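Below is one structure; the comments refer to it alone.
In the working numbering, the protein residues as written are 808 to 1237.
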């Protein structure tokens, strides 16, 4: 018989052995969630069991507004292991995406102009803008992380730096893709669970193959400390796969935002006055009022008319953003066409929809491009694939400023900004 198949814990230990052997500067990205918590505990345990005489860096982006249980957990684990940890607790007013407001598409934690209504005081020992010479007001949180990696590598005068991130491919397709589609020249020594982000700077994902159940088995088996917010999630009936600790104002968090009122009423009371639209989203997130479940059309309206009404209630800049997306989409479907399956095309024909099927496409797909005008609405299961004014209404109700629900990727302006950021970051690494 061959060697018994290794479990995910044993594989993680092998990866940590490589990381601690090959890199002189190791930093764990720690959010206070279940995945990054287990990853940090794995590293702490590895250092102590192997009696390593070295410090482990911990990078924690403090977003000001978090469940008090998350803050308590972060404080607790950092304090309990301060003898081997070098902590970088970042409290910086970078831009963070929000989907709670029709007036703004971002908010700023620790905004100095909002200090009087901060949800809590800045933690002792935290690092503000004065600590980071690369910070600018135009910087988003994900940009800050890229610059931080280079900054820490230089600050510690490292030969090779490794940033450990607790993402698991089970969580989303994008996470699976970020690991499994990595190119060899982007990895460290062809290890699929690593990716190069700069000269002698790498990300590593030691628990990428863990399942959610593995996380909780590890916490129970080894008696590791964890965020007890998850206990309350469980008691509140939140599905185990949806129990996440993240910015409460992301689109993905709208459905669960209302839990703040029950789980952490003190924080909730302060949140309401801190970020626009929090109370409305807390009440109606996950309902038809914000584009979830069944969106109801008011009597006497068509979806196009309802869309025009919704647009009329928005601030000018927000209205222009949606109209620009809509114009691009209408032109795309009229001139290029969206790729649909034969089955969907037949459903449209059966419904009497006027369309033109193009037999050739540059896309790598078996589907065919279909040119058509915008519809008001259509009752088929592939609703999200079809250009309708109802879809735009859903985007507006969800405060989906990027129109992800309509399948939009980055537009030219947004892509240009992204490319400039990546180009700047690449130059920093030279």
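Quick reminder that beta carbons are idealized off the backbone N, C-alpha and C, glycines included.
As the structure is a prediction and not an experimental result, all values here were calculated from the model.
**Prompt:** Near residue 932, which residues of its chain fall below 8 Å by C-beta distance, leaving aside the five closest residues on each side in sequence?
**Reply:** 894, 896
**Proximity to residue 965 [Cα-Cα], best of 901, 998, 1008** = Out of 901, 998, 1008, 1008 has the C-alpha closest to the C-alpha of residue 965.
**Request:** May I ask you to report which of helix, strand or coil DSSP gives residue 926?
**Result:** Coil, per DSSP.
**Item:** At least 3 beta-carbon pairs within less than 8 Å: the segment 1001-1019 vs the segment 1027-1044
**Value:** no
**Message:** Using the Cβ count rule (16 or more neighbours within 10 Å means buried), how would you classify residue 888?
**Reply:** Buried, since its Cβ has 16 or more Cβ neighbours within 10 Å.
**Prompt:** Relative to the C-alpha of residue 920, which residue among 1105, 899, 1203 is closest?
**Reply:** For residue 920, the nearest C-alpha among the options comes from 899.
**Request:** Quickly, what does DSSP pair residue 1003 with across the bridge? List them, please.
**Result:** 1009
**Prompt:** How many whole angstroms separate the CB atoms of residue 902 and residue 946, which I take to be in contact at a CB cut-off of 8 Å?
**Reply:** 7 Å
**Prompt:** Could you give the C-beta distance for residue 846 and residue 971, rounded to a whole number, given that I count them as a contact under 8 Å?
**Reply:** 6 Å
**Asked** Got a sec? Which residues, its chain only, sit under 6 Å from residue 871 by beta carbon, not counting five neighbours each side?
**Response** Once the five neighbours on either side are set aside, the close Cβ partners of residue 871 are 916, 917, 926.
**Message:** Assuming residue 1140 and residue 1194 are in contact, meaning their beta carbons sit under 8 Å apart, how far apart are those beta carbons, in whole angstroms?
**Reply:** Between residue 1194 and residue 1140 the Cβ distance is about 5 Å, and since that is below 8 Å, they are a contact.
**Asked** Exposed or buried, what is residue 1165 when buried is set at 16 or more other beta-carbons lying within 10 Å of its beta-carbon?
**Response** With a 10 Å radius around the Cβ and a threshold of 16 neighbouring Cβ atoms, residue 1165 comes out exposed.
**Message:** Is it buried or exposed, residue 869, if we count other Cβ atoms within 10 angstroms and call 16 or more buried?
**Reply:** buried
**Request:** Name the residue from 821, 1153, 874, 1188 whose alpha carbon lies nearest to the alpha carbon of residue 849.
**Result:** 821
**Proximal residues to residue 865 (C-beta, below 6 Å), its chain only, five neighbours per side dropped** = 835, 837, 892, 894
**Item:** For residue 892, three-class secondary structure by DSSP
**Value:** strand
**Asked** So what does DSSP say about residue 833, is it helix, strand or coil?
**Response** strand
**Asked** Does the beta-carbon distance from residue 1177 to residue 1144 come in below 7 Å?
**Response** yes
**Asked** Going by DSSP, what residues sit across from residue 1179 in a beta bridge?
**Response** DSSP lists no partner for residue 1179.
**Asked** Just the Cα atoms here: how many angstroms apart are residue 1205 and residue 853?
**Response** 44 Å
**Message:** At the level of alpha carbons, what is the spacing between residue 1167 and residue 1146?
**Reply:** 10 Å
**Asked** Quick one: Cα of residue 824 to Cα of residue 968, how far?
**Response** The straight-line gap from Cα to Cα measures roughly 15 Å.
**Option nearest residue 862 by Cα separation, candidates 1015, 830, 942** = 830
**Request:** Return the first residue and the last residue of the alpha helix (DSSP H) that residue 1144 is part of.
**Result:** That residue, residue 1144, is in no alpha helix (DSSP H); it is neither H nor E in DSSP.
**Distance, residue 841 Cα to residue 1051 Cα** = 8 Å
**Request:** Indicate whether residue 1154 and residue 1187 have their beta-carbon atoms separated by less than 7 Å.
**Result:** Yes.
**Message:** Looking at the secondary structure, which residues open and close the alpha helix (DSSP H) in which residue 1041 lies?
**Reply:** 1036-1042
**Request:** Tell me whether residue 1114 sits in a helix, a strand or coil according to DSSP, three-state version.
**Result:** The answer is helix: DSSP assigns residue 1114 an H, G or I state.
**Message:** Pull the bridge partners of residue 958 from the DSSP assignment, please.
**Reply:** Residue 958 pairs with nothing; no bridge assigned.
**Prompt:** Is residue 876 near residue 1036, with beta carbons less than 7 Å apart?
**Reply:** Cβ atoms of residue 876 and residue 1036: closer than 7 Å.
**Message:** I'd like to know whether the C-beta atoms of residue 1184 and residue 1175 end up nearer to each other than 7 Å.
**Reply:** no
**Prompt:** Taking the C-alpha atoms as reference points, what is the distance between residue 1028 and residue 938?
**Reply:** 39 Å
**Request:** Taking 7 Å as the cut-off, decide whether the C-beta atoms of residue 973 and residue 843 are in contact.
**Result:** yes
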